[in-house]
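My numbering applies: residue -14 is where the sequence shown begins, and numbers increase by one.
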Amino acid sequence: MNDVEYNDPNTNWLVVCAKGTEALLADEIRHLGGNVDKENHIGVYWHGDLEAAYKVCLWSRLASRLLLPLHECQVDSVDEMYRMAKSVDWPSLFPVDATFRIDFHGSSRFINNTQFGAQKIKDAVVDCFREKVGARPDVDKSGDIRIEAQLRKGQLLLFLNVSGDSLHRRGYRLQPGQAPLKENLAAALLIRAGWPDKFKAGQHLIDPMCGSGTLLIEAGLMAADIAPGLNRQGWGFERWKSHERKLWLRLVEDARQRRTDGINGLKNKLYGFDIDADQLAAASKNLERSGLEGKVHLERRDITDLRVQKDVVKEGGLVICNPPYGERIGELPQLAPLYQHLHDATMKLPEWPIAIFTGNLDLSRAIRRPLDKQYKFMNGKIEAKLLVFGAADERSSRPQVSTIRGPVEQFANRIKKNIKTASKWAKRENIHCYRIYDADLPEYAVAVDRYEDWLHVQEYVPPKSIDPAVAERRLLDVLSALPEVTGVPAEKIVLKRRERQSGKRQYEKQSDEKRTMVVREGQVNILVNLKDYLDTGLFLDHRPTRLEIAKLAANKRFLNLFCYTATASVHAAAAGATCTSVDMSRTYINWGRDNFSLNNIDPDAHSFVQADCLQWLKDDQGEYDIIFMDPPSFSNSKRMEGVLDIQRDHVDLIRMAMERLAPGGTLIFSCNLRKFEMEYDALSDLDVKDVSAKSIPSDYARRPNIHVCFHIQAKD
């Protein structure tokens, strides 16, 4: 490869950007002095001199990487790829004492592993140096020089990454907060929403759910004429032999002066509100690093309490936000009303346009304003849209009488009917936690359980024949309807997705957000957790069995195997029994102890054992009047020896338990394997009674096969 004068105005460049921002980036490059050749799905190809390239690095708000094309050719084998890469005059590009790294993208019939591809390009670079210089540069993950190789349809393209680390990293966001936008995507949203015209007209900006402040900061950088790359600490061109340091420093100094002038002259008011104090703390730190400290008003404020000064409202501006939409943060039960609150709050600014970036168009229907424009973007791997709504009209101010319209009315009516029946029964039986809906209508495949004044909603995963968009729409309809028909506010509705479980998956942690509460059942209080795990700590379908144990357990010795959170043991202990509770999980053993303490029962006066129940039964020598066991259908936990298959192993398990049963005692055996078949012949010497029908509560009448239950005693 021949030496090239990179300060030539005809030097070719490629700027990589996020999908959906190519046209905006092309306009930006023209503004910075470059000449655009073409746009494609990768980015923008253009030509210009070194000064224009430096300006792109320093001033582009939309770019991800600036690449200098080095070589392009067709290759048909690994060896040919190596030879073509080696033909580049690498020592003319960077010194041997600089470190480098290879970023390899793509594949072909002879390269299907990017690490292998990167290794071959690395070998070519090193061998070129050895032949021409007699020494080789070192490879480092944070290399001074970054070489990018792309292999697409047999075409090898080699680039020098002039910008280095991704240009979206401005240097101010060390605390990204939850589900943050990339800075260059935030800038693209602001441009599409019309912020450049707004700030030039002296208008203002509000982000009512600002999170860690990315939209606010990018808006401030634009309005104050601050180069987004001014705070970056490292560049890919610093060890490049064609780097012109004096030219770069002159551009940096000019940008610093423009920053000073821009901050001093900034008249636009920027407001950021959020309910999360930790998010606001992150936003404050990010603002401080961006140079905009004191220029943005941050305040902890709920969306329902949105307000700014009257003169600001009159002067006009833009409301823009990236509300949660059920992909990364938040829960769908709270999101449906959140968008309604956003609509209501922004009616205080009826003339201001509203720009919402969301991946859930169904949720955005709550914004009842004219939709002026919409733009597609990719937020990471999530397809999302920027929706730009105009000034409020007559429809916007009409009160939304009910969210229940269309097909979901059938669901709402069924819930009303079920509640009317269940509430009378629950009040009569003094039951506080019960099921009010269980996929009664196949279109709305959810289970809804009431826990005191909370609702626990479990979505059954729809079959593949159902369009995911249709399933999502139905789920949102359910979550929008439930507060109205049940009287339970959205913030007290918890959603989980229930799939067919195997092994111990149903016991695994689902969320890091704890939500525990105390509920009443019979004569005891029980601690439930609606958020952390798929199951709550209380199997509602076993309520009749627990209440029966409470009646039988007075002054008895009670053994609870596979005890889970020991709720049956609490009932027994409250009735006067001495309890032994065994489970393999330390989490659930501790939970069981907490349930005892909650009822002023000393857990140390009873026995809690963390152990494999099968092994424990083999070793135990105790005697018990009542034994209850509700084993999993299948378990292969690392903590147990072998694998438990309840259909295969139930006879042995029952016989081991019967060895521990006192004369005249009862073993209550239950399991939730839907196709379970009791081996009566193998247990013909025992009195085995199927009490499943009696053990299924009336609120589970639609699912009578949810478990089986047997009372087993020794024959007289």
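Here a beta-carbon is modelled for each residue, glycine too, at the ideal position from N, C-alpha and C.
Fewer than three Cβ pairs drawn from the stretch 274 to 281 and the stretch 296 to 313 lie within less than 8 Å of each other, which leaves the two stretches out of contact. Only residues of its own chain outside the window of five on either side were considered, and among them I400, N403, V433 have a CB closer than 6 Å to the CB of Y422, listed in chain order.
Scanning E168, T84, V555 for the CA closest to the CA of A3 turns up E168.
Within 10 angstroms of the beta-carbon of E476 lie fewer than 16 other beta-carbons, which makes it exposed. If you check the CB distance, L638 and L602 come in under 9 Å.
Of the other Cβ atoms in all chains shown, 16 or more fall within 10 Å of the Cβ of D615; this residue is therefore buried.
Taking all protein chains shown into account, L55 has 16 or more neighbouring C-beta atoms within 10 Å of its C-beta and is therefore buried.
It is roughly 15 Å from the alpha-carbon of P648 to the alpha-carbon of V673.
Less than 9 Å divides the Cβ of L174 from the Cβ of F362. In the pairwise beta carbon analysis, the stretch 449 to 462 is classified as not touching the stretch 518 to 537: fewer than three pairs are separated by under 8 Å.
For G102, the closest C-alpha among the options S62, P76, D82 is that of S62. Residue state for K361 is assigned as strand, using DSSP reduced to three classes. Residue V29 holds the alpha-carbon nearest to the alpha-carbon of L47 among V29, D64, H90, E36.
For the pair of segments examined, the stretch 88 to 96 was found to touch the stretch 133 to 147: the number of CB pairs separated by less than 8 Å reaches three.
Residues F396, R459, V463 of the same chain have their beta carbon placed closer than 7 Å to that of Y429, with the five preceding and five following residues left out of the count.
By the beta-carbon neighbour count (other beta carbons within 10 angstroms, threshold 16), T331 is buried. Between T(-4) and D34, the gap from beta carbon to beta carbon is short of 9 Å. When DSSP states are grouped into helix, strand and coil, T6 belongs to the coil group. Distance check between Y549 and each of A535, L537, A539, N580 places N580 closest, using alpha-carbon atoms only.
Taking the Cα positions, W44 is about 14 Å away from G205. In the DSSP assignment, G257 falls within the beta strand (DSSP E) that extends over 255 to 259. Taken through DSSP and simplified to helix, strand or coil, Y609 comes out as strand. CA-to-CA, the gap between T471 and D438 works out to about 10 Å. G198 sits close to N271, with the two beta carbons spaced by under 9 Å. Taking a cut-off of 8 Å for Cβ pairs, the stretch 254 to 268 and the stretch 182 to 192 touch, as three or more such pairs fall below it. The beta carbons of L9 and R177 sit closer together than 9 Å.
For G205, the enclosing alpha helix (DSSP H) covers residues 199 to 208. In this structure, the CA atom of H282 is about 27 Å from the CA atom of Q218.
The stretch 616 to 698 contains, as complete beta strand (DSSP E) runs of 3+ residues, the segments 646 to 656, 671 to 675 (chain order). A check of alpha carbon separations from D74 across V41, A109, T99 identifies A109 as the nearest. Assignment of P453 by DSSP, reduced to helix, strand and coil, places it in the helix class.
Y310 and N345 have their alpha carbons spaced roughly 6 Å apart. Under the DSSP assignment, V118 falls in the alpha helix (DSSP H) whose first and last residues are 99 to 118. Annotation: R687 to I681 spans about 10 Å, alpha carbon to alpha carbon. Residue state for R137 is assigned as strand, using DSSP reduced to three classes.
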